[in-house]
Each structure stands twice: as structure tokens, then as C-alpha cells.
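These notes concern the structure reproduced below.
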Amino acid sequence: MLAKYPDRLPVVVERYSKTDLPVMEKKKYLVPRDMSIGQFIHILSVRLRLDPGKALFVFVNNTLPQTSSLMESVYESFKDEDGFLYMCYSSEKTFGGCNFRIC
């Protein structure tokens, strides 16, 4: 996939099972390498049709990446062996952990 879209990163986003947020119809994304985490969170908020005051947090390997971090740096640090970056989203900033396999 990276060979076909060298300027994009494959990302899978799942809802944390204990959140009150809706499930997104689309879970797989090809994200620009130079997009910030904050920009990606905004896109997810729009797709989820969240009210303006509703918080949205994304987790990668049980960590909350800084919103100023670029997707490329998060991808390089946390990509799975299958080549995808797995993220969970929640309305809570902290919780018992987000292991993608149990989101």
C-alpha cells in the first residue's frame, strides 16, 4: 500500500468499547504523512458528527499522542508488523488502557 500511495499512511481507527461515542462507518484511512494528530482528530470528530463541545481523544498503544505530533512520526513509532497504525478513540482522556485487539 505504501508503494502505491507513498505520501499516505494506512491507519485503522476503532471505538473504545467503553465509550459513549458512536461507531464510525469507516475504520480504515489513508492519511497524509504530514497531517498532525490534531487535524486527524478534527476529521474524526466531523465524521462522528460530534457536538462542538464534545471531547475526542485518540490512543495509540495505550498512549495519548500530542496533538501537534505528525502522523508520520506516530506511525514510525507505533506501526504494527502488518504495516497499519492502529488507534482507538474515546470521549475520556484516561481509562484502563486501549489495546486495539479489545477496543
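Using full-length UniProt numbering, read the sequence shown as starting at 1 and increasing by one per residue.
In this text, a Cβ means the ideal position worked out from N, Cα and C, and glycines have one as well.
Owing to the predicted nature of the structure, the values given are computational and were not obtained by experimental measurement.
As assigned by DSSP and simplified to three states, the class of residue i
| i | result |
| --- | --- |
| SER36 | strand |
| LEU64 | coil |
| LEU69 | The identity of residue 69 in the sequence shown is Ser, whereas the question assumes Leu. Of the three classes helix, strand and coil, the one that applies to SER69 here is coil, per DSSP. |
| residue 108 | Here the chain has residues from 1 to 103 only, and residue 108 is not among them. |
| TYR89 | strand |
| VAL58 | strand |
| GLU25 | coil |
Cβ-based burial, residue i [other Cβ within 10 Å; buried from 16]
| i | result |
| --- | --- |
| LEU30 | exposed |
| TYR5 | exposed |
| VAL23 | exposed |
| ILE43 | exposed |
| VAL74 | buried |
| PRO65 | buried |
Distance between beta carbons of residue j and residue i, contact taken as under 8 Å
| i | j | result |
| --- | --- | --- |
| LEU85 | LEU9 | 6 Å |
| SER91 | LEU21 | 5 Å |
| MET71 | ARG33 | 6 Å |
| VAL58 | ILE37 | 7 Å |
| VAL60 | MET35 | That belief does not hold up - the Cβ atoms of VAL60 and MET35 are roughly 14 Å apart, past 8 Å. |
| LYS27 | VAL46 | That pair is no contact at about 16 Å. |
| ILE41 | THR67 | 7 Å |
Which residues DSSP lists as bridging residue i, in chain order
| i | result |
| --- | --- |
| LEU9 | VAL31 |
| ARG15 | TYR89 |
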